[in-house]
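Note that my numbering gives residue 1520 to position 25 of the sequence shown, counting from 1, and the numbers run on in steps of one.
Notes to accompany the following structure.
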Amino acid sequence: MLVTGTDTEVGKTVVTAAITAAAQAAGLRVAVVKPGQSGTATGEPGDVDAVTRLAAPLTGRTLASYPDPLAPLAAARVAELEPLELYTAVDAIRAEVDKHDLVLVEGAGGLLVPMGLRPSGEAWTVADLAVSLGAPAVVVARAGLGTLNHTALTLEALERRAVPAGVVIGAWPAEPQLVHWANLTELVPNLLGALPAGAGAMDPGVFRRSAPGWLTPDLYGVLDDWRTWAEDAG
């Protein structure tokens, strides 16, 4: 399952951790793979480290890391490092499929960010990876203004490639305003979950116990009634 987003900094990593926690609570063996991690020059933990802290997947792997905070292909070129080849990534991910019940693949930025190169020398994207793997996608979206257009564009791009997809709100505000409720109404037909703002800062034990309640059964959670959820959230 591919976890992508409408943009960068929308909550992909925390959503990946939540799906991991919910799936493991359901008894699944979970691997998390990050094909391309950029911005590692500061020495801060990468996204897989964050998922491991929050949800402790059975396996966590980063296939390629680059120091500059750029799209992975651009970061590889700036650092004069070898770009990640598409089928190298596909083979590495499929190797984890053989050993786990669920493999979550976290993208970088949005769906069409250049990730690496094909053998032909052409750039490939997270969308290309989803097609090559035959994997469904989870689109992480913002709750606020602008999200409807960005989410619709991302879902349309996936639909054109015959990639099944649903949406998770990456950070639902503690005090939602009219725009958030209006967006929720529009997103509900495709909505598979909503995480509270600040979920990534939770104690890991609390995070793991709470995660199933943020996600629908399609993502191994227990959230099955958006009307009741909205009443509780309000």
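In this text, a Cβ means the ideal position worked out from N, Cα and C, and glycines have one as well.
Note that the structure is a prediction, hence the values are computed from the model and not measured.
Taking the alpha carbon of residue i as the reference point, which residue from the options has its own alpha carbon closest?
i     : options                    : result
V1525 : S1533, V1543, Q1532, P1578 : V1543
L1653 : V1633, P1707, R1637, E1580 : V1633
N1685 : E1651, M1697, L1606        : E1651
T1583 : A1574, A1550, S1627        : S1627
P1614 : L1581, T1642, E1575, L1599 : L1581
T1515 : R1704, A1618, N1644, G1616 : R1704
G1661 : E1617, D1593, P1631        : P1631
N1678 : L1523, A1696, G1611, A1647 : A1647
A1696 : G1522, Q1532, L1549, G1541 : L1549
D1563 : W1667, G1616, Q1532        : Q1532
E1670 : A1513, E1726, G1629        : E1726
What is the rounded straight-line gap between the Cα of residue i and the Cα of residue j?
i     : j     : result
G1604 : P1530 : 12 angstroms
L1624 : L1565 : 19 angstroms
Q1672 : T1649 : 24 angstroms
D1719 : V1573 : 46 angstroms
W1724 : A1571 : 43 angstroms
V1585 : L1606 : 16 angstroms
G1729 : K1594 : 42 angstroms
W1721 : A1512 : 22 angstroms
G1522 : T1501 : 30 angstroms
Please state whether the Cβ-Cβ distance between residue i and residue j is less than 8 angstroms.
i     : j     : result
V1621 : T1499 : yes
G1602 : L1497 : yes
G1534 : T1547 : no
A1590 : L1558 : no
V1510 : V1635 : yes
A1689 : V1663 : yes
H1675 : G1639 : yes
P1609 : A1551 : no
V1600 : V1528 : yes
T1508 : A1536 : no
P1567 : G1616 : no
Closer than 7 angstroms by C-beta to residue i: which residues in its own chain qualify, once you throw out the five before and the five after it? Chain order, please.
i     : result
A1517 : A1706, P1707, L1710, L1714, Y1715, G1716
V1592 : V1598
A1618 : L1568, P1609, L1612
Grab me the residues of residue i's own chain with a C-beta within less than 6 angstroms of its C-beta, minus the 5 sequence neighbours each way, in chain order.
i     : result
E1539 : none
A1505 : Here residue 1505 is Val; the residue named in the question, Ala, does not match the sequence. Correct list, in chain order: V1635, R1637, G1665.
A1520 : P1707
Please tell me whether residue i has its Cβ less than 8 angstroms away from any Cβ of chain B.
i     : result
W1619 : Of the protein chains in the structure, only one exists, and it is not chain B.
Residue ranges of each beta strand (DSSP E) within the region 1525 to 1581, 3 or longer = The region 1525 to 1581 contains these whole beta strand (DSSP E) runs: 1525 to 1533, 1554 to 1561.
Whole alpha helix (DSSP H) runs in the region 1632 to 1701 with 4 or more residues, listed along the chain?
-> Fully enclosed alpha helix (DSSP H) runs of 4 or longer: 1642 to 1655, 1673 to 1682.
With a floor of 3 residues, list each beta strand (DSSP E) that falls wholly inside the region 1600 to 1626, ordered by position along the chain.
-> Runs of the beta strand (DSSP E) spanning 3 or more residues and lying entirely within the region 1600 to 1626 occur at 1609 to 1612, 1618 to 1620, in chain order.
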